[in-house]
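In what follows, a single structure is set out as structure tokens and then discussed.
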Amino acid sequence: MKSQESILIKSSIGFNQRFPKHRGWLNMAILEVQNIGKRFGVAAVLNDISFSLEEGRVLAVIGSSGSGKTTLLRCLNFLERPDAGRIIVRGETLYNSADKSSYTEQSIREKRLHFGLVFQAFYLFPQYTAFQNIVLARELAAKKLPDYQKNRKNILLEIHRDGMQLMEQIGLSAKKDFYPYQLSGGQQQRVAIARALALKPDILCFDEPTSALDPELTGEVLKVIRSLAEKNTTMIIVTHEMQFARQVADMILFIDEGSVVEYGPPKMLDSPSSERLKRFLERY
Ligand SMILES: Nc1ncnc2c1ncn2[C@@H]1O[C@H](COP(=O)(O)OP(=O)(O)OP(=O)(O)O)[C@@H](O)[C@H]1O
Ligand SMILES: [Mg+2]
Numbered sequence: 020m021k022s023q024e025s026i027l028i029k030s031s032i033g034f035n036q037r038f039p040k041h042r043g044w045l046n047m048a049i050l051e052v053q054n055i056g057k058r059f060g061v062a063a064v065l066n067d068i069s070f071s072l073e074e075g076r077v078l079a080v081i082g083s084s085g086s087g088k089t090t091l092l093r094c095l096n097f098l099e100r101p102d103a104g105r106i107i108v109r110g111e112t113l114y115n116s117a118d119k120s121s122y123t124e125q126s127i128r129e130k131r132l133h134f135g136l137v138f139q140a141f142y143l144f145p146q147y148t149a150f151q152n153i154v155l156a157r158e159l160a161a162k163k164l165p166d167y168q169k170n171r172k173n174i175l176l177e178i179h180r181d182g183m184q185l186m187e188q189i190g191l192s193a194k195k196d197f198y199p200y201q202l203s204g205g206q207q208q209r210v211a212i213a214r215a216l217a218l219k220p221d222i223l224c225f226d227e228p229t230s231a232l233d234p235e236l237t238g239e240v241l242k243v244i245r246s247l248a249e250k251n252t253t254m255i256i257v258t259h260e261m262q263f264a265r266q267v268a269d270m271i272l273f274i275d276e277g278s279v280v281e282y283g284p285p286k287m288l289d290s291p292s293s294e295r296l297k298r299f300l301e302r303y
């Protein structure tokens with residue numbers, strides 16, 4: 020039910036406050052993925068994947084090892100080129116396999132900015148501090164602004180102010196000048212999250228953000244992701260943390276052998292309609 024009530028609540032509490040889960044919401048889809056297909060040689064890794072995601076919502080992608088989850092995220096981030104399908108963000112077609120002009124190198128570089136990606140293995144720049152890792156990309160982008168020379172001081176001030184805010188958000192203000200080797204895995208992953216957020220992507224993607232971490236460090240990273248969900252950050256999270264997916268995700272996409280088998284709210288995990296999801300969940 021996309022109720023009047025939900026509009027009223029939304030306008031009275033303001034956009035950035037967490038909205039009660041699973042209530043009808045009148046947002047348009049921020050992301051539409053239509054019929055994505057991807058092959059590596061003769062192997063079809065993704066088949067006809069379609070789903071949409073509303074702004075401020077969290078989608079968890081689950082599935083067995085080798086089912087195509089990472090490949091899907093890589094396609095969305097234009098690190099792989101899908102053989103078929105379309106990717107539409109805020110109504111703008113960013114990728115259309117049938118239209119070659121949608122995937123020139125230059126246009127892909129710009130389109131990539133719509134997505135942020137946090138990998139399992141952090142990939143921080145080892146020669147830069149936590150803070151520098153977070154602000155670097157924006158500093159580089161700022162240099163290309165036409166008014167950079169004139170407004171350099173103010174532009175950098177803003178970037179650094181935002182960077183400090185992000186350090187605070189991930190609970191690492193005190194370690195801003197630490198190098199990656201001086202941080203724990205969980206702390207490095209939090210820096211990687213802040214680095215992705217610094218570019219203000221429309222959609223933040225995570226590929227098993229905690230699977231390289233000890234259980235005690237997993238908690239602190241999940242806490243940061245949970246707080247982002249509370250601020251209505253649109254996210255796609257590939258995860259094996261089933262409990263976390265249930266609690267944080269608004270929608271769950273179950274992929275098996277490169278195809279969407281089930282797609283729905285987390286309650287679908289309580290009563291899977293397919294044998295394949297049932298079998299997958301039995302492992303948890
Ligand atoms: N660059 C590539 N070249 C050839 N095959 C690839 C390539 N990347 C992925 N694959 C294949 O695509 C399939 C899906 O891989 P993918 O990494 O997307 O799975 P996944 O669901 O992320 O698995 P996991 O849970 O283990 O991370 C696998 O069979 C893999 O071997
Ligand atoms: Mg993977």
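Using my numbering, the letters of the sequence shown map in sequence onto residues 20 to 303. Glycine included, each C-beta is placed from N, C-alpha and C at the ideal position. Remember, it's a predicted structure, so these values are computed and weren't measured experimentally.
Option nearest residue i by Cα separation, candidates the options
{"i": "GLN262", "options": "ALA140, GLY238, MET254, PRO145", "result": "GLY238"}
{"i": "TYR122", "options": "MET183, LEU98, GLN208, GLN207", "result": "LEU98"}
{"i": "LEU132", "options": "ILE271, ASN96, SER293", "result": "ASN96"}
{"i": "LEU216", "options": "ASP275, LEU247, MET47, LEU300", "result": "LEU247"}
{"i": "ALA213", "options": "ALA161, ALA193, PHE150, ILE107", "result": "PHE150"}
{"i": "ILE256", "options": "PHE141, LEU136, ILE106, PHE70", "result": "LEU136"}
{"i": "ILE127", "options": "GLN184, ILE153, CYS94", "result": "CYS94"}
{"i": "PRO228", "options": "ARG58, VAL80, SER69, LEU164", "result": "VAL80"}
{"i": "THR258", "options": "VAL52, GLU51, SER86", "result": "SER86"}
{"i": "ASN66", "options": "LEU176, PRO199, VAL280", "result": "VAL280"}
{"i": "ARG265", "options": "TYR303, SER230, ILE153, GLY277", "result": "TYR303"}
{"i": "ALA140", "options": "LYS194, ILE178, ALA231, SER278", "result": "ALA231"}
Rounded straight-line distance, which links the Cα of residue j to that of residue i
{"i": "PRO145", "j": "GLN201", "result": "10 angstroms"}
{"i": "LEU236", "j": "GLN208", "result": "10 angstroms"}
{"i": "ILE118", "j": "GLY283", "result": "A small fix is needed here, since residue 118 is Asp in this sequence, not Ile. Roughly 31 angstroms separates the two Cα atoms."}
{"i": "ALA48", "j": "LEU72", "result": "5 angstroms"}
{"i": "LEU223", "j": "ILE189", "result": "15 angstroms"}
{"i": "GLU304", "j": "VAL61", "result": "There is simply no residue 304 to check, as the chain begins at 20 and stops at 303 in what is shown."}
{"i": "VAL64", "j": "SER293", "result": "20 angstroms"}
{"i": "LEU91", "j": "LEU143", "result": "23 angstroms"}
{"i": "PRO220", "j": "PHE134", "result": "5 angstroms"}
{"i": "ASP233", "j": "GLY205", "result": "8 angstroms"}
{"i": "VAL240", "j": "LEU185", "result": "14 angstroms"}
{"i": "SER192", "j": "ARG180", "result": "12 angstroms"}
Neighbourhood of residue i by C-beta distance below 7 angstroms, restricted to the same chain and skipping five residues each side
{"i": "ALA103", "result": "ASN54, ILE55, GLY56, SER116"}
{"i": "TYR147", "result": "LEU155"}
{"i": "ARG76", "result": "THR253, ASP269, MET270"}
{"i": "ARG245", "result": "VAL267"}
{"i": "GLU1", "result": "With the chain represented from 20 up to 303, any question about residue 1 goes unanswered, as that position is not in the structure."}
beta-carbon residue i near ligand 1 non-hydrogen atom, thresh 8 angstroms
{"i": "GLU239", "result": "no"}
{"i": "LYS194", "result": "no"}
{"i": "THR229", "result": "no"}
{"i": "ILE189", "result": "no"}
{"i": "LYS169", "result": "no"}
{"i": "PHE70", "result": "no"}
Beta bridge counterpart(s) of residue i as assigned by DSSP
{"i": "SER278", "result": "ASP275"}
{"i": "GLN229", "result": "Reading the sequence as shown, one finds Thr at residue 229 and not Gln. None, per the DSSP bridge assignment."}
{"i": "ARG100", "result": "The partner list for ARG100 (beta bridge, DSSP) is empty, contrary to what the question assumes."}
Residue i beta carbon near ligand 2 (any heavy atom closer than 8 angstroms)
{"i": "VAL64", "result": "no"}
{"i": "SER83", "result": "no"}
{"i": "ASP226", "result": "yes"}
{"i": "VAL137", "result": "no"}
{"i": "THR258", "result": "no"}
{"i": "THR252", "result": "no"}
Cut-off 6 angstroms between Cβ atoms - residues of its own chain near residue i, not counting five sequence neighbours on either side
{"i": "PHE138", "result": "ASP226"}
{"i": "ASN152", "result": "LEU143, PHE144, VAL210, ARG214"}
Below-9 angstroms beta-carbon distance, residue i vs any chain D residue
{"i": "ILE212", "result": "This model lacks chain D altogether; it includes just one protein chain."}
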